[in-house]
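Chemist:
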Amino acid sequence: MPVPAPILYPPFNIVRLSHVDYAVTDLARSRAFYADTLGLRITQEDPDAIYLRAMEERGHHCMILRQADTACVNLLAFKVFAEDDLDKAAAWFAAQNLSPTWVERPYQGRTLAVKDPWGMPLEFYAAMDRLPSIHQNYALYAGVKPLRIEHFNMFSADVDAAVAFYNQMGFKVTEYTEDEDTGRVWAAWMDRKGGVHDIAFTNGTGPRLHHTAFWVPTPLNIIDLLDLMSTTGWIANIERGPGRHGISNAFFLYVLDPDGHRIEIYCSDYQTIDPDHEPIRWDLKDPQRQTLWGAPAPRSWFEEGSVFADCPTTQSDMKAQPIIAP
Ligand SMILES: [Fe+2]
Numbered sequence: 002m003p004v005p006a007p008i009l010y011p012p013f014n015i016v017r018l019s020h021v022d023y024a025v026t027d028l029a030r031s032r033a034f035y036a037d038t039l040g041l042r043i044t045q046e047d048p049d050a051i052y053l054r055a056m057e058e059r060g061h062h063c064m065i066l067r068q069a070d071t072a073c074v075n076l077l078a079f080k081v082f083a084e085d086d087l088d089k090a091a092a093w094f095a096a097q098n099l100s101p102t103w104v105e106r107p108y109q110g111r112t113l114a115v116k117d118p119w120g121m122p123l124e125f126y127a128a129m130d131r132l133p134s135i136h137q138n139y140a141l142y143a144g145v146k147p148l149r150i151e152h153f154n155m156f157s158a159d160v161d162a163a164v165a166f167y168n169q170m171g172f173k174v175t176e177y178t179e180d181e182d183t184g185r186v187w188a189a190w191m192d193r194k195g196g197v198h199d200i201a202f203t204n205g206t207g208p209r210l211h212h213t214a215f216w217v218p219t220p221l222n223i224i225d226l227l228d229l230m231s232t233t234g235w236i237a238n239i240e241r242g243p244g245r246h247g248i249s250n251a252f253f254l255y256v257l258d259p260d261g262h263r264i265e266i267y268c269s270d271y272q273t274i275d276p277d278h279e280p281i282r283w284d285l286k287d288p289q290r291q292t293l294w295g296a297p298a299p300r301s302w303f304e305e306g307s308v309f310a311d312c313p314t315t316q317s318d319m320k321a322q323p324i325i326a327p
């Protein structure tokens, strides 16, 4: 199925992805991973939850860790342009029979919660508490020096349908992988903020979160993180990379948090803000789409992901087998 044309005037205006809310089974261990190792800054610490932000972010949080008996993803959140975009979003989701609700969230203004057609929990807000800039407080930089949250990547059992739905919300396809034999889309990268993506969908048992990505200043920060993780007890949490993706051109590393939530460390993709930006098509049989330098991904990278709260998964009927390392 060809990817849809971008909708330049969507029903409501999403600015960018905002934050992820993870359920974790050992909050202290997750704190050691995200704050002490990756270098995210803690903005609020409660007995059962920790809020964090990255170094150039003025908003209160880009990640929430919540103590829970079972690990999962509680929700993915997006910032909209203005308050009336929330009302437009509420009307649009209601017209899709998705029953949006207004919820109270600390450090945020009005917040709209909804589940997408596959049960993935989403939230939208326009205003979040602003914190003083720490961007040039270099004494505070640690770990991989994360600058900002970059994107979410989800497993979907029907990528064509997910792309069609999120395209209506204003996300435009920047790159995609197509199965030449069936003409179906295997994976797609979709943006709002003018990079390669805010969200991506990859064929597989879904919905599940494949990873959350953070932007870092340079590839050298990724090398430094590998040295740090490999000498501080986190070596088993290094999953894939470093490398360069064909898709997006990003320099990447994938690491796993203590519950197996996958985090990508990412830099050097490119600008896509032209309204007539043409998506790049990749063939599913081209191994360089995954790693430009040729090294295949481990099997875990194709199969393991984080489930969403109260969201049953469906197996995909697309079985084309990507290149997998032994
Ligand atoms: Fe990614």
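Just so you know, we're using the numbering used here here: the sequence shown kicks off at 2 and counts up by one. Just so it is clear, CB atoms sit at the ideal spot from N, CA and C, and this is done for glycine as well. All figures in this text were calculated on a predicted structure; none of them were measured in a lab.
Can you give the beta carbon distance from I135 to C63, rounded, assuming they're within the 8 Å contact cut?
Modeler: With a Cβ gap of about 13 Å, I135 and C63 do not count as contacting.
Chemist: Going along the chain, which residues put their C-beta within less than 5 Å of some heavy atom in ligand 1?
Modeler: For ligand 1, the selected residues are N154, A214, E265.
Chemist: Would you kindly report the start and end of the unbroken alpha helix (DSSP H) that includes I224?
Modeler: Taken as a continuous stretch (DSSP letters only), the alpha helix (DSSP H) holding I224 covers 220-231.
Chemist: Does the Cβ of G264 have 16 or more other Cβ atoms within 10 Å, making it buried, or fewer, making it exposed?
Modeler: Per the sequence shown, the amino acid found at residue 264 is Ile instead of Gly. Under this definition I264 is a buried residue.
Chemist: Pair every Cβ in the segment 285-295 with every Cβ in the segment 47-63, then say whether three or more of these pairs are closer than 8 Å.
Modeler: The segment 285-295, when compared against the segment 47-63, does not touch it at the 8 Å Cβ threshold.
Chemist: Which residue's Cα is closest to the Cα of V256: I248, D22, D284, L226?
Modeler: Looking at the Cα atoms, L226 is the closest of the given residues.
Chemist: Any idea what DSSP makes of E265, helix, strand or coil?
Modeler: Three-state result, E265: strand.
Chemist: By the 10 Å Cβ neighbour count, where 16 or more other Cβ atoms means buried, how is P327 classified, buried or exposed?
Modeler: Residue confidence for P327 is low, a pLDDT of 41 falling below 50, so the modelled location carries little weight and cannot support an answer.
Chemist: Per the DSSP calculation, F253 is bridged to which residue(s)?
Modeler: According to DSSP, F253 bridges with G244, Y267.
Chemist: List the whole-angstrom C-beta distance separating L39 from T178, where the pair is believed to meet the contact cut-off of C-beta under 8 Å.
Modeler: 28 Å between Cβ atoms; not a contact.
Chemist: Please classify Y10: does DSSP put it in a helix, a strand, or coil?
Modeler: Coil.
Chemist: Look up V160 in the DSSP assignment and say whether it is helix, strand or coil.
Modeler: Of the three classes helix, strand and coil, the one that applies to V160 here is helix, per DSSP.
Chemist: So, is S100 buried or exposed, given that buried needs 16 or more other C-beta atoms within 10 angstroms?
Modeler: Exposed.
Chemist: From which residue to which residue does the beta strand (DSSP E) around L148 run?
Modeler: That residue, L148, is in no beta strand (DSSP E); it is neither H nor E in DSSP.
Chemist: DSSP state of P327, grouped into three classes?
Modeler: The predicted model places P327 with a pLDDT of 41, which falls under 50 and marks its position as unreliable; any figure quoted below should be read in that light. In the structure shown, P327 sits in coil (DSSP, three-state: anything other than H, G, I, E or B).
Chemist: On the CB-based measure, 16 or more other CB atoms within 10 Å of its CB, does Q109 come out buried or exposed?
Modeler: When all chains shown are included, Q109 counts as buried.
Chemist: Leaving aside the five residues before and after Q45 along the sequence, list all residues of the same chain whose C-beta is less than 6 Å from its C-beta, in chain order.
Modeler: So the qualifying residues of the chain are Y52.
Chemist: Could you check whether the segment 195-202 touches the segment 159-167, counting it as contact only if at least three pairs of C-beta atoms, one from each stretch, sit closer than 8 Å?
Modeler: These segments touch.
Chemist: Does the separation of the CB atoms of A162 and S317 fall below 8 Å?
Modeler: Not closer than 8 Å, so no.
Chemist: Could you pull out every residue in the same chain whose Cβ sits closer than 8 Å to the Cβ of A72, ignoring the five residues on either side in sequence?
Modeler: For A72, where only same-chain residues beyond five positions count, the Cβ hits under 8 Å are Y23, A24, V25, T26, D260, G261, H262, S307.
Chemist: Thinking C-alpha only, which one of A92, L113, F94 is nearest T102?
Modeler: For the residues A92, L113, F94, the minimum Cα distance to T102 belongs to L113.
Chemist: Beta carbon of I223, beta carbon of V145: below 8 Å?
Modeler: The answer is yes: Cβ separation under 8 Å.
Chemist: Mapping the DSSP letters down to three states, classify F166 as helix, strand or coil.
Modeler: Residue state, collapsed to three classes: helix.
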